[in-house]
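**Q**
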Amino acid sequence: MFTVDRCCCCALETGGLILGWFYGILYLIGTVVSPLGFVGIFLVNCKELREAIEKDVGSFDYSCGAIKGVVAVFTLITLAICIGCLYCSYLLVTGVKKRDASRVKPMMVLMAIASICAFLGLLNFRKETALSSIFGGVLYGYFFVVLFSLAEMFRSERERGFNSQYHAPGAKV
């Protein structure tokens, strides 16, 4: 597989740190906002919920408790995914600092999954989603290549016996 030497306009290490912190902040926000949705669903009036669903779907035969249960399960799954992705971001940042390829790989796998999911959006066969699916798939694919290059660089440094401490870009070693 091919590798890159830079992430956009900065060094691979800096790009890895930027990706780690950026996604860490996003997943932290998701971790905080998800429980708000969990609490909010139990504050919704059942009559309003039934009217909103019937307006969108048509006839509706499920109880309000069933709907709230489905939304609660969905919210808990979302919270678990956000916490897992937040941990992957943490591993990426510490992996770059410690120059450890094994800590970079979880986020690399996450980017590969995101790229595949984005390209699966093309199966929707709608013009509106095609452009965003292609853009997202290419972007996540590029992030995957950047993290793969970073992991390969750390792995080759460890095999050759280089110093395993973080070096700021441009620092003299």
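1 is the number of the first residue of the sequence shown in UniProt numbering; add one for each residue after it. The C-beta atom is built at its ideal place from N, Cα and C for all residues, glycine as well.
Could you tell me the distance, in whole angstroms, from the CA atom of residue 20 to the CA atom of residue 63?
**A** Your numbering for residue 20 matches position 20 in the sequence shown. Your numbering for residue 63 matches position 63 in the sequence shown. When rounded, the distance between both Cα atoms is 42 Å.
**Q** Can you find the residues in the same chain that come closer than 7 Å, C-beta to C-beta, to residue 118, ignoring five residues on each side of it along the sequence?
**A** Here residue 118 refers to the residue found at position 118 of the sequence shown. Once the five neighbours on either side are set aside, the close Cβ partners of residue 118 are 133, 136, 137 and 140.
**Q** Does the Cβ of residue 55 have 16 or more other Cβ atoms within 10 Å, making it buried, or fewer, making it exposed?
**A** Position 55 of the sequence shown, counting from 1, holds the residue named residue 55. Burial call: exposed.
**Q** Within a Cβ cutoff of 7 Å, which residues of the same chain sit near residue 115, ignoring the five residues on either side of it in sequence?
**A** Residue numbering aside, residue 115 sits at position 115 when the sequence shown is read from its first letter. The residues are 137, 140, 141 and 144.
**Q** Based on the DSSP secondary-structure assignment, which residues constitute the bridge partners of residue 6?
**A** By 1-based counting over the sequence shown, the position of residue 6 is 6. Residue 6 pairs with 11.
**Q** Which whole-angstrom value describes the C-beta separation of residue 73 and residue 41, a residue pair presumed to lie in contact below a C-beta threshold of 8 Å?
**A** The count along the sequence shown starts at 1 and reaches residue 73 at position 73. The count along the sequence shown starts at 1 and reaches residue 41 at position 41. Between residue 41 and residue 73 the Cβ distance is about 11 Å, and since that is not below 8 Å, they are no contact.
**Q** Candidates 23, 14, 69 and 52: which alpha carbon is nearest residue 37's?
**A** Mapped onto the sequence shown, residue 37 falls at position 37. Nearest option by C-alpha distance: 69.
**Q** Applying the 10 Å Cβ sphere with the 16-neighbour rule, what's the burial state of residue 66?
**A** As a working mapping, residue 66 is identified with position 66 in the sequence shown. Result: exposed.
**Q** Does DSSP classify residue 63 as helix, strand or coil?
**A** Numbered from 1 along the sequence shown, position 63 holds the residue referred to as residue 63. Reduced to three states, the DSSP call for residue 63 is coil.
**Q** Determine the direct distance from the alpha carbon of residue 125 to that of residue 149, and round the result to whole angstroms.
**A** Residue mapping note: residue 149 aligns to position 149 of the sequence shown, counting from 1. Residue mapping note: residue 125 aligns to position 125 of the sequence shown, counting from 1. Rounded to whole angstroms, residue 149 to residue 125 spans 33 Å at the Cα level.
**Q** With H, G and I counted as helix, E and B as strand and the rest as coil, what does DSSP make of residue 74?
**A** Numbered from its first residue, the sequence shown carries residue 74 at position 74. Helix, per DSSP.
**Q** So the candidates are 22, 87 and 82; which of them puts its Cα closest to the Cα of residue 33?
**A** Position 33 of the sequence shown, counting from 1, holds the residue named residue 33. Taking only the C-alpha atoms, the option nearest residue 33 is 82.
**Q** Roughly how many whole angstroms lie between the Cα atoms of residue 79 and residue 29?
**A** Stepping through the sequence shown from its first residue, residue 79 is reached at position 79. Stepping through the sequence shown from its first residue, residue 29 is reached at position 29. Approximately 11 Å between the Cα atoms of the pair.
**Q** I need the straight-line Cα distance from residue 110 to residue 121, nearest angstrom please.
**A** In the sequence shown, the residue the question calls residue 110 occupies position 110. In the sequence shown, the residue the question calls residue 121 occupies position 121. Whole-angstrom Cα-Cα distance: 17 Å.
**Q** What number of angstroms, rounded off, separates the C-alpha of residue 128 from the C-alpha of residue 147?
**A** Counted from its first residue, the sequence shown places residue 128 at position 128. Counted from its first residue, the sequence shown places residue 147 at position 147. One C-alpha to the other measures close to 30 Å.
**Q** Using beta-carbon positions only, say whether residue 99 and residue 152 come within less than 8 Å of one another.
**A** The count along the sequence shown starts at 1 and reaches residue 99 at position 99. The count along the sequence shown starts at 1 and reaches residue 152 at position 152. Contact flag unset, no.
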